[in-house]
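Only one structure is covered here, and it is reproduced in the block below.
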Amino acid sequence: MNGMGRMAAVLSVVVAAACGGGSVTRTETVQLPAIASGQPTDSHLVLTQHTGKDERGAAVPIGDDPTWGSRTALVTIVEFEDFQCPFCSRSAETVSQLERDYGPEKLRLVFKHEPLTMHAEARPCADAAETVHQLGGNVAFWKFYDLAFHDQQNLNAQSYETWARVSGVALPAFRDAMATHRFAQKVDDDLELGKQLGVNGTPAFYINGISLGGAQPAEKFHTIIDAEIAASNARLAKGTPAEDLYTVASKENFAKGDDDDDDADTKTVWKIPVGSSPELGPKTALVTIIEFSDFQCPYCKRVQPALKQVKSTYGADVRVVFKHEPLPFHPRAEPAAELALEARAEKGDTGFWDAHDKLFDSQPSLDDADLDKIGADLKLDAAKVTAARTTKKYARTIDQDQALAEDFQASGTPHFFVNGRRLVGAQPFDKFKSIIDEELVKARALVAAGTKPEKVYDELTKTGKMPPPPEQKTITFTGAAPVKGSGTVTIVEIADFQCPHCKAAEDSLTEVLKAYPNKVKVVWRHMPLPFHAQAELAAEASVEAFKQKGNDGFWKMHDALLAHQADQDGLERANIDSYARTLGLDMTRFKNALDTGANASPVDADKRAASNAAITGTPAFLIGTGNATGTWTAYTLAGGVTGAKLKKLIDLSLGAHP
1348 MNGMGRMAAV LSVVVAAACG GGSVTRTETV QLPAIASGQP TDSHLVLTQH TGKDERGAAV
1408 PIGDDPTWGS RTALVTIVEF EDFQCPFCSR SAETVSQLER DYGPEKLRLV FKHEPLTMHA
1468 EARPCADAAE TVHQLGGNVA FWKFYDLAFH DQQNLNAQSY ETWARVSGVA LPAFRDAMAT
1528 HRFAQKVDDD LELGKQLGVN GTPAFYINGI SLGGAQPAEK FHTIIDAEIA ASNARLAKGT
1588 PAEDLYTVAS KENFAKGDDD DDDADTKTVW KIPVGSSPEL GPKTALVTII EFSDFQCPYC
1648 KRVQPALKQV KSTYGADVRV VFKHEPLPFH PRAEPAAELA LEARAEKGDT GFWDAHDKLF
1708 DSQPSLDDAD LDKIGADLKL DAAKVTAART TKKYARTIDQ DQALAEDFQA SGTPHFFVNG
1768 RRLVGAQPFD KFKSIIDEEL VKARALVAAG TKPEKVYDEL TKTGKMPPPP EQKTITFTGA
1828 APVKGSGTVT IVEIADFQCP HCKAAEDSLT EVLKAYPNKV KVVWRHMPLP FHAQAELAAE
1888 ASVEAFKQKG NDGFWKMHDA LLAHQADQDG LERANIDSYA RTLGLDMTRF KNALDTGANA
1948 SPVDADKRAA SNAAITGTPA FLIGTGNATG TWTAYTLAGG VTGAKLKKLI DLSLGAHP
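The numbering used here puts the first residue of the sequence shown at 1348, with every later residue one more than the last.
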């Protein structure tokens, strides 16, 4: 989900259009953006290639749907998505990775709408996305898709218009279609199909007809896709026409049904640390349940009776460890977590679990007044409760839990690890029981062999699976660059002034600079993307501001360019000149620099450095120690970034060099 680099290629593709029940074809030329994971706009290389042959006879039929990849790809994934669903947002990053891993000749993606009724903006956003698809085609749809998932907290009518315009759709036509609900029937048809297939949550995927539910890790997709690639090659060898591959494969696979009632892997053991989190139950418990939860999440509330039954059934044999994962679309989850942690600070783990129960009892009523009442009922210090909520006193603890959740792919709440074994969602008691009973057998055998009960969890998970280490890149920078802040840790932001996701990242960068005073600095490096027509000029203007007035001049120009990024002509030359004039730059020098391209060289140097390091889109971040000059190795993040993600890598850097 992200703002991408682009492949230097042009493709002529054949696009099917319905005509009197049959199909006709037309050819159009499409500029191909490059595929890269973690980037927001223009991230989808779109091959809208059809032969005119109908695929409505497939087990999961394909009609006039948004599509990425070749019509004759070996594997087709049909995805049912909800634009307001946080798990769909997370799975979009995985889908981007799959695009990069397999390419459009092996993998095709087909999008279908599944707006859930619990998400108020899901249906309006689906209607807007489908309108963009119908008016602008596949390329426009995938741009809108990336923008919506990246900026999921701002789903509203104004955003839809902005994203439609950025995606290349004329606003008058978009507004007219939305006002008349011209394309709403397509969303209704997708919902009906989902109902027939048994889709009851999002995201839901059908991989050549094989069902896979939830925001699963890429490895889960790889296992199925790799097997299906082999199966499709075998079908081709036996004479199946390439254009029939999906229809044949989906029918065969769908007819088999699911071999396992539960797609989730509950067998792999993960070495997930207990840490210093709140515990319910003794350290000598033979089974430890680590729970990632969100006090505003209705599913987290729904699972509480099952957890209470676990405790009443197993008593001291089970310990529950709570870790915070307030989801970004639950605005009251973080304040509720602050209250629970303040209760722990004042009254220990007992206070935490008392607050935990009252918060879930109060849900969905978690406004400030509700939290104040819970604090009073628990006899907490009212001033401290208010301070914890307003200052985010325990944000560090919450961030660390969220970073752990990301490391172990606990992508959603509630999410459990039972002696390291993953269990996802609001599961009934019997699901917990089946794993707990198996774990008790193993734990009791260890105790009988001499392991102390308090060491059982460590022993059972010591060879457990660990998440991969954060990715690192080595990059060689030349020339001076603007800097904000000071400290031993450097965040290099490789960015584009016309990329909306570079603008969105500013809040996270401001957050970490505030959280790590005198420990972190931010350095800007340029990567204007070729499909952003105004980005190059904006970059050169900021270089001139840096030349004339140093860091202060650059960051003021930076702020002006991003502030006006979405304006109709916000990055046109006349307006850029006006920003320079407001900043008090020497306008003769400024205009001459832009007229002659005098500042193209440092921008090109930054682009070469990024390209040589295989950085293909914006925003991209490098986090490490030192001044980021010359050849430098650092942790890397691509695309949509959060304060928690940055803080995790900052902490790793500080740990290596305190």
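C-beta: ideal position from N, C-alpha, C; glycine also. Fair warning: this is a prediction, and the values are worked out from it, not measured in the lab.
Take the alpha-carbon of R1649 and the one of A1773: they are about 6 angstroms apart. The Cβ atoms of S1833 and K1868 lie closer than 7 angstroms to each other. The three-state reading of DSSP puts V1621 in coil, since its state is none of H, G, I, E or B. In this structure, L1421 lies near I1576, with their beta-carbon atoms less than 7 angstroms apart. The bridge partners DSSP lists for A1842 are H1873. Sequence-distant partners of T1697 (beyond 5 residues in either direction) whose C-beta falls short of 6 angstroms from its own C-beta are missing from its chain. Three or more Cβ pairs closer than 8 angstroms define a contact, and the stretch 1508 to 1527 meets that threshold against the stretch 1460 to 1480. Membership of I1745 in any beta strand (DSSP E) is not indicated; the residue belongs instead to the alpha helix (DSSP H) covering 1742 to 1754.
Taking P1678 as reference, the option from I1841, D1998, R1736, N1865 with the minimal CA-CA separation is R1736.
The C-alpha of G1560 lies about 18 angstroms from the C-alpha of K1614.
With fewer than 16 other CB atoms across the displayed protein chains lying within 10 angstroms of its CB, H1528 is exposed. DSSP places F1779 in the uninterrupted alpha helix (DSSP H) bounded by 1776 to 1795. The alpha carbon of Q1543 has as its nearest neighbour, out of Y1646, I1571, F1427, P1451, the alpha carbon of F1427. Here the alpha carbons of E1638 and D1748 stand approximately 11 angstroms from one another.
With respect to the 7 angstroms criterion, E1689 and K1739 are not classified as neighbours on the basis of their beta carbons.
Judged by beta-carbon spacing, Q1915 lies beyond the 7 angstroms limit of A1882, meaning their Cβ atoms are not closer than that value.
When DSSP states are grouped into helix, strand and coil, H1677 belongs to the coil group.
Only exposed fits A1910, as fewer than 16 other CB atoms lie within 10 angstroms of its CB.
Separation of T1983 and L1725 (C-alpha to C-alpha, rounded to the nearest whole angstrom) is 44 angstroms. According to the DSSP assignment, F1458 belongs to the beta strand (DSSP E) that extends over 1454 to 1460. With contacts defined as CB atoms closer than 7 angstroms, A1680 and Q1651 fail to qualify as a contacting pair. When secondary structure is reduced to three states using DSSP, F1427 falls in the strand class. In the structure shown, R1769 falls within a strand segment according to DSSP collapsed to helix, strand and coil. Annotation for L1559: the continuous beta strand (DSSP E) segment containing it runs 1557 to 1560. Within the same chain, and ignoring the five residues on either side of A1790 in sequence, the residues whose Cβ sits closer than 6 angstroms to its Cβ are L1633, V1803. Rounded to whole angstroms, the Cβ separation of W1700 and P1629 is 14 angstroms, and the two are not in contact under 8 angstroms. With a 10 Å radius around the Cβ and a threshold of 16 neighbouring Cβ atoms, L1969 comes out buried. DSSP, reduced to helix, strand and coil, places H1762 within a strand of the structure shown. L1540 is the residue among P1433, L1540, T1464 whose C-alpha sits nearest the C-alpha of V1425. In terms of Cβ geometry, R1403 and V1616 do not form a close pair [threshold 7 angstroms].
The alpha-carbon of E1672 is positioned some 18 angstroms away from that of T1635.
Within the stretch 1860 to 1940, the alpha helix (DSSP H) runs of at least 4 residues that lie entirely inside it are, in chain order, 1882 to 1910, 1920 to 1929.
Ranking E1468, R1666, G1410 by CA distance to the CA of L1627 puts R1666 first. Residue environment analysis places D1942 among the exposed positions, since fewer than 16 neighbouring C-beta atoms fall within 10 angstroms of its C-beta. Separation of D1784 and P1800 (C-alpha to C-alpha, rounded to the nearest whole angstrom) is 16 angstroms. Per the DSSP secondary-structure output, E1626 pairs in a beta bridge with V1668.
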